[in-house]
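Protein chains in written order, with UniProt numbering: chain A, 1 to 418; chain B, 1 to 406; chain C, 1 to 501.
Glycine is no exception: its CB is placed at the ideal position from the N, C-alpha and C atoms.
Below is one structure; the comments refer to it alone.
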Amino acid sequence: MTITELAKEERVGFKSPAVMGFVGAVVMLFFGILGREGEVAFEISRRNDVIQVPAIPVDSSTLGIFSGVLMLAIAGYSLSRSLKNLRTPIWLSSIYGLIGVIALLGWLAAGAAVPIAFIAGTALVLAVPIMLGAMGGIMCERVGVTNIAIEAQLLTGAFMAAVVSSITDNFLFGLFSAMIGAALVSMVLAVFAIKYLAQQIIVGVVLNVLMIGITNFLYQQWLTEDGENVNFPGTMDIIRIPFLSDIPIIGPVLFENRITVFLALIIVPTLYFVLFKSKLGLRARAVGEHPLAADTVGINVGRTRFWWVTIGGMSAGLGGAALTIGNAGAFGREMSGGFGFIALAVVILGRWHPISAALAALLFGFSIILRVWANQVSPGIPTDFITMVPYIVTIIAVVGFVGQSRPPKALAVPYTKG
Amino acid sequence: MSEENRWSQALKEILSGSFTRTVLSIILGFLVGAAFMIASNKEFIESLGYILSRPGDALGAAVSVVSEGYGALFRGAIFNAEAETFERAIRPMTETLRLGAPLILAGLGLGLTFRVGMFNIGGTGQLITGMIFATFVATRLELPFVLHVLVAIIAAVIGSTMLGALVGYLKARTGAHEVILTIMFNYIMLYFFTFLLRDPMLLGEERATGNPKADPAAETALLPRLLGDEYALHYGILIALIAVVVYWWLMERSTIGFRLRMVGYNPDAARTAGVSVERTYILAMGLSAAFVGLAAANQALGVSIGVTPSAHANIGFDAITVALLGGSNAPGILLAGLLFGAFKAGAPSMQVLGVSPEVLGIVQGAIVLFIAAPPLIRALFRLPPGQTTNALGAIRDRLLRRGGAK
Amino acid sequence: MKLELRGITKRFGTLVANDSINLVVEPGQIHALLGENGAGKSTLMNVLYGLYQADAGEVLLDGVKQSFSGPGDAMAAGIGMVHQHFMLIPVFTVAENVALGHEPTGILGSLDLEAARKRVIEISEKFGFNVDPDALVEDLPVGVQQRVEIIKALSRDARVLVLDEPTAVLTPQETDELMLIMKQLAKSGTSIVFITHKLREVKEVADIITVIRLGKVVGDAKPDASTSELASMMVGREVELTVDKKAVAAGDVVLKVENISVLDDRFQRAVDGISFEVHAGEILAFAGVQGNGQTELAEALVGLRSTLTGFGKITLKGQDITDRSVRRRLDAGIAYIPEDRKTDGLVSEFSIAENLMINASYKSRFTSGPNINFSSRRDIANQLVKEFDVRTPSADTPAGKLSGGNQQKVVVARELSRNVDLLIASQPTRGVDVGSIEFIHERIVAERDAGKAVILISTELDEVLSLADRIAVMYRGKIVGIVGPTTSREQLGKMMAGVSA
């Protein structure tokens, strides 16, 4: 083999087995050998479910040891594949992760119960604003416009949904105005980026400052004084889809939700289809990769960017609505609390792909609910570290420790002719 | 060029220059804020009902709410003519200086990365890291006065610099974008700080109340008051002024700054000229975070109550607006930091009058939004486009009787 | 289809890129547009293609006046263009690239990629292109990418095909293949506009030649016109491309390169085990078609690109510099004029004076301690501006505001004013006006006469022949042979195609 061929060939390396081995050993040691006493009951059904599946009780430390052994075994298999220069398959990594999560849950809930459906369901509800924000981010970035203003769009959506729903007493109007409000923020970003060739990252950051300022001001000046009339929308009704919602675990998690969750579950695959299987998506990606080339085949770069960014804003606006009328029931100061930045991380973690990004959003949603729940079942455990995990995972992902991610080539580059 | 032409050319250059744009942006920003104040004012809204019969009422209400609001800002941030004594009358000004200091310091840090073509959105994370180090020194070490303060400040700078340099290293080594890295580190450091402050064994209060909070800094570690106990103003502003001079020297006069700017404008040419772009990224992020570290020292050592996780006071993000408004140059950042410091200082007196000081957030955002798009301001005011001749420079040279390159 | 351009004028600020240009392309003809770099050929074609809006003049197709607001309109009217820099999306497949902009669709606007693939195969087979519709464009060799561009145009039923400097990136063999394709297309009725500055290609393939200089049409010529006649039309006077120079007085070995190999950005071996020596007082020129490893070789010599570890050695005046950084090599006595001054040679926002110190910002005559020595810098800048005849209002003018020739003079001034042993000049006169070319050539010869070693890398055979003392011809990363300066063009041409001397 010549040197050229050697260099061309990708070497798999030993990062995956190393990480897997390390984490497996940690699980084995801290959750298993040094683990906590007590039984854990994994509750599959909820009390009022139609179909009842009995809870599965296991000993916390036994579960830890068992999980650790399994994880180390997978790490060993991964090592053997690496030695043969083969990659560890994704499904195996997923199983590995799942076992790790079960071990963590079992460790946290020693002597108590793990309400699986509740945790999974809440994780999804918490993930929805992030997910919708990330879809908006993907739509912007795929056409080459960096969107740091997802935070502003979520906040605008949340505000508009709460206020308009309260005033009109109609949640549909609330949802619509959330989308329109956030789309307006997007349009400002689009016009600055496309027409005025402004630095997109700067415009995004500044839009965040501006929208935080505007919503804070209106909240203070208006919503706090007249809260009952303008900031008391309550939450939308939970819709149960007949039959499907009776399936254990999956039913209550997926099919018994507010409309914002259902919309997210529809938007994610739709965006995937449009982006990768349709004419519009092909053109959008072309604009994001090589705008001049797109221009030379008659695609209007500015217009394409403008509309994708605008519609992306609508998605993020919907995410904002999910915060207020889809979860909290009222608007609060700066209530998006960094979800927009998490969405940005999710875009990158999901490598600009709707489905992967949705899964990454779930990871963040899960870490949030895990922290809340862990504080209840076993107070005293420093949950700050659990919350940190998704951020650390994002860093590991962007520094290319596990595979290189490639952003759209023309990202953040304004397009000018001649 | 005739004399007359020369002056009109110079005028065009002034109009097309960044100074004019900045002033116009600030004016526009205040107008946007005024619009929000008017639109949310009760008397104004009521007077709209009969605007056709008595338009004066609406106008009067509008004028009065704006003048009251911005009047309160002036009294709270610059000079309070209504105060009983002169000492009290100038207190607002000292508050502006006090609150402006960390903004200036962090603004210098972020401005530095802008000049190198990078975006440090991680002011918050770096600030927190600095505060962790400063708080450790200030609450856990016993040292004599002066030495204690100095050690605490240096610790803050070292802490921040380490995080900044780490980001620079990751960018240089792996090509990861610093924006996403710094945002992630913001959260990681925030949660880490919270964790440290929760545990008395680490940085938490000795008599833990359950809320994450540190012990107050030791007296010996506090930044001393600058104008006596009457004013809260401390040495932080002096540090800020020194930092402004250092920044100016670094960016405009030194060879290090020359290379930083070179990499910012054209990394390929810099690499070809023998400058290590990777090392420059690390250096720039480290230096940037060092300035932020001074802001961290200011936050951790400026108050005699223990710090909480929210002690970063959003300075990391406000500093971005400071650096942008200040055009990333030393005098600009000084003035911008003072302006936004004044916003913070004036907020309470607006609150007292019933005008939500949050309107200042709108003004701040609007100003910088206008700054971000020079063509927009030019289009709005029909200013001439960027001028290429050197008429202004020639006049300046002549006035200053400098030879200049001809 | 008959294409007619009438009085096309296009200005960029004060620069007139096209000055009322008239051009008629008859159906089925290959019409060559000949001119130097920067003569305004590409601008004219971008106007034709709707990428630029003309300030005056009109475009007619079959006698009907057209108005194109964008490339889409031009394409719809039957104009296809193969750009100098390919307009392909690297991460898309061939079929996706060909389909882009006029996608066949199924239900709900879904892409019908199968139809797109069929179209590619159909055209590919008709002309014997041999292109796989499912290959990712970024994995294809340059010659194949160009064919994808042609397929793109043909799939839109282009009846006027514009080829903008298509041979710049091709090997001689690929060039020959392209010539055949062009003739075949013309025979099938397509009108072809062939933009180039290479005389031999024009003579081989064109039916008629229009020469453009400084944005104006100089005149038409037949392909049987003599080379020197065409050349003088191109540059506006009798071309005397030979530079007066003294006989070579080669001294000691300055640079010794032993068996180095270098990878390009795609991890292909661009330089493959090259060895050579350069002596003091001689110009060693590297000739070859663009893309045969010359760029990578220059970058490896300067240290911008590392050589394969464990292989080869670079010695400068006896010192092993193989593993040194760029900065330490420059300090050791190398001056470098990069191929692309805009990206690598200058910081366009910096003033001329600042640009003169970009590779001397550590300890040098421009610094004093940690500070920039402003007064010294001003003096040096003023002196160099005068000495190298940089036309500028002042040394404080940003380099980006200068013309191409003057920008290049700034780079040359910076590099030649350094006290070095070896000058590496990569395409030193690309995109530079004739006056500046002569000046730069004279300066390079002066360096050689002053006893410095010079490496000249150029794809322009004329430049190589007029400056070189020895000529090394590169082909596919290897040196085919090193020959004397009197070697015939035919011989060099063969070597550039890989035939050993």
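Does DSSP classify H31 (chain C) as helix, strand or coil? If DSSP states are grouped into helix, strand and coil, H31 (chain C) belongs with the strands.
How is D421 (chain C) classed by DSSP in three states: helix, strand or coil? Here D421 (chain C) sits in coil by DSSP.
Short of 7 Å in beta carbon distance, which residues of its chain neighbour T43 (chain C), apart from the five on each side in sequence? Order them along the chain. Residues K10, A17, N18, Y52 of the same chain have their beta carbon placed closer than 7 Å to that of T43 (chain C), with the five preceding and five following residues left out of the count.
Count Cβ pairs between the segment 235-255 of chain A and the segment 268-277 of chain A that sit closer than 8 Å; are there 3 or more? Flag = no, the segment 235-255 of chain A and the segment 268-277 of chain A do not touch.
Specify the secondary structure class of H312 (chain B) as computed by DSSP and reduced to three states. Collapsing the DSSP output to three states places H312 (chain B) in a helix.
Amino acids of chain B, ordered along the chain, whose beta-carbon sits closer than 8 Å to that of V164 (chain A): Among the residues of chain B, none has a CB under 8 Å from the CB of V164 (chain A); the nearest is roughly 17 Å distant.
G418 (chain A) CB to nearest chain B CB: under 8 Å? Legend: pLDDT at G418 (chain A) = 48, less than 50; position of this residue unreliable, value from coordinates given subsequently. Not an interface residue.
Say whether chain C places a C-beta atom closer than 8 Å to the C-beta of A293 (chain A). For A293 (chain A), the answer is yes, since a Cβ of chain C falls inside 8 Å of its Cβ.
Where DSSP assigns a beta bridge to M474 (chain C), which residues make up the other side? Answer by DSSP bridge pairing, in chain order: C:I479.
What residue from A:A112, A:S367, A:M28 has the CA that sits closest to F42 (chain A)'s CA? Measuring from the Cα of F42 (chain A), the nearest candidate turns out to be A:A112.
What is the residue span of the alpha helix (DSSP H) that R207 (chain B) lies within? From DSSP, R207 (chain B) is part of no alpha helix (DSSP H); its letter is neither H nor E.
Fully enclosed by the segment 246-292 of chain C, which alpha helix (DSSP H) runs are 4 residues long or longer? DSSP runs (the alpha helix (DSSP H)) wholly in the segment 246-292 of chain C: none.
Determine whether the Cβ of E258 (chain C) lies closer than 8 Å to any Cβ atom of chain A. At a cut-off of 8 Å between beta-carbon atoms, E258 (chain C) makes no contact with chain A.
Would you mind working out which of B:M118, B:A270, B:A101, B:S288 sits nearest I158 (chain B), comparing C-alpha positions? Residue B:S288 is the option with its Cα nearest to I158 (chain B).
Return helix, strand or coil for K317 (chain C), following the three-state DSSP convention. K317 (chain C): coil per DSSP, three-state reduction.
Local Cβ density within 10 Å of G56 (chain B), reported as buried at 16 or more and exposed below that: Of the other Cβ atoms in all chains shown, fewer than 16 fall within 10 Å of the Cβ of G56 (chain B); this residue is therefore exposed.
Is it true that the CB of V94 (chain C) sits closer than 8 Å to the CB of A135 (chain C)? In this structure, V94 (chain C) lies closer than 8 Å to A135 (chain C) by Cβ.
Return the residues of the segment 63-95 of chain C that lie within a Cβ-Cβ distance of less than 9 Å from chain A, sorted by chain order. Under the 9 Å Cβ criterion, the segment 63-95 of chain C contributes G70, P71, G72, D73, A74, M75, A76, M81, H83, H85, F86, M87, L88, I89, P90, V91, F92.
For G345 (chain C), go through chain D and note every residue whose CB falls closer than 8 Å to its CB, in chain order. Among the chains of the structure shown, chain D does not appear; the protein chains present are A, B and C.
Span separating the alpha-carbon of V254 (chain C) from that of G264 (chain B): Between V254 (chain C) and G264 (chain B), the C-alpha separation is close to 35 Å.
From V203 (chain A) to N147 (chain A), what distance separates their C-alpha atoms? Annotation: V203 (chain A) to N147 (chain A) spans about 9 Å, alpha carbon to alpha carbon.
Residues of the segment 307-334 of chain C with a CB closer than 9 Å to any CB of chain B: list them in chain order, please. Result list: S325, V326, R327, R328, R329, L330, D331.
Rounding to the nearest angstrom, what Cα-Cα distance links D433 (chain C) and K401 (chain C) in this structure? Spanning the two alpha carbons is a distance of roughly 16 Å.
Taking the Cβ atom as the reference point for each residue, do L223 (chain B) and L105 (chain B) lie within a distance shorter than 8 Å? Not a contact, by the Cβ cut-off of 8 Å.
Taking just the CA atoms, how far does L33 (chain C) sit from I209 (chain C)? If I take the Cα positions, the gap works out to 6 Å.
Could you run through the segment 16-28 of chain B and flag, in chain order, every residue whose CB is less than 9 Å away from some CB of chain C? So the list is empty, because no residue satisfies the distance condition.
How would you write the range of the alpha helix (DSSP H) that R365 (chain C) sits in, first residue to last? Where R365 (chain C) is concerned, there is no enclosing alpha helix (DSSP H), given that its DSSP letter is neither H nor E.
Delimiting residues of the alpha helix (DSSP H) encompassing K409 (chain A): In the DSSP annotation of this structure, K409 (chain A) is not part of any alpha helix (DSSP H), being labelled neither H nor E.
So does the segment 357-364 of chain B actually touch the segment 205-215 of chain A, counting three or more Cβ pairs closer than 8 Å? Touching, yes.
Is the segment 376-395 of chain C in contact with the segment 418-429 of chain C, if contact means three or more CB pairs nearer than 8 Å? Output reads no: the segment 418-429 of chain C does not touch the segment 376-395 of chain C.
Using CA coordinates, which residue listed in C:K317, C:D379, C:G318, C:E296 is at the minimum distance from L308 (chain C)? It is C:E296 whose Cα lies nearest to the Cα of L308 (chain C).
Do we get a CB-CB distance below 8 Å when we pair G109 (chain C) with the residues of chain A? Residue-level contact by beta carbon holds for G109 (chain C) and chain A, with a gap shorter than 8 Å.
State the CB to CB distance for the pair V248 (chain C) and E282 (chain C), rounded to an integer number of angstroms; the pair is presumed to be in contact (CB under 8 Å). The beta carbons of V248 (chain C) and E282 (chain C) sit about 5 Å from each other, so the pair counts as a contact at 8 Å.
For R11 (chain C), does the three-state DSSP call read helix, strand or coil? Reduced to three states, the DSSP call for R11 (chain C) is strand.
7 Å Cβ shell around R198 (chain B) - same chain, five flanking residues per side excluded: Once the five neighbours on either side are set aside, the close Cβ partners of R198 (chain B) are G204, P212.
Since E289 (chain A) meets chain C, which of its residues come closer than 8 Å, beta carbon to beta carbon? Within 8 Å Cβ-Cβ: I89, P90, V91, F92.
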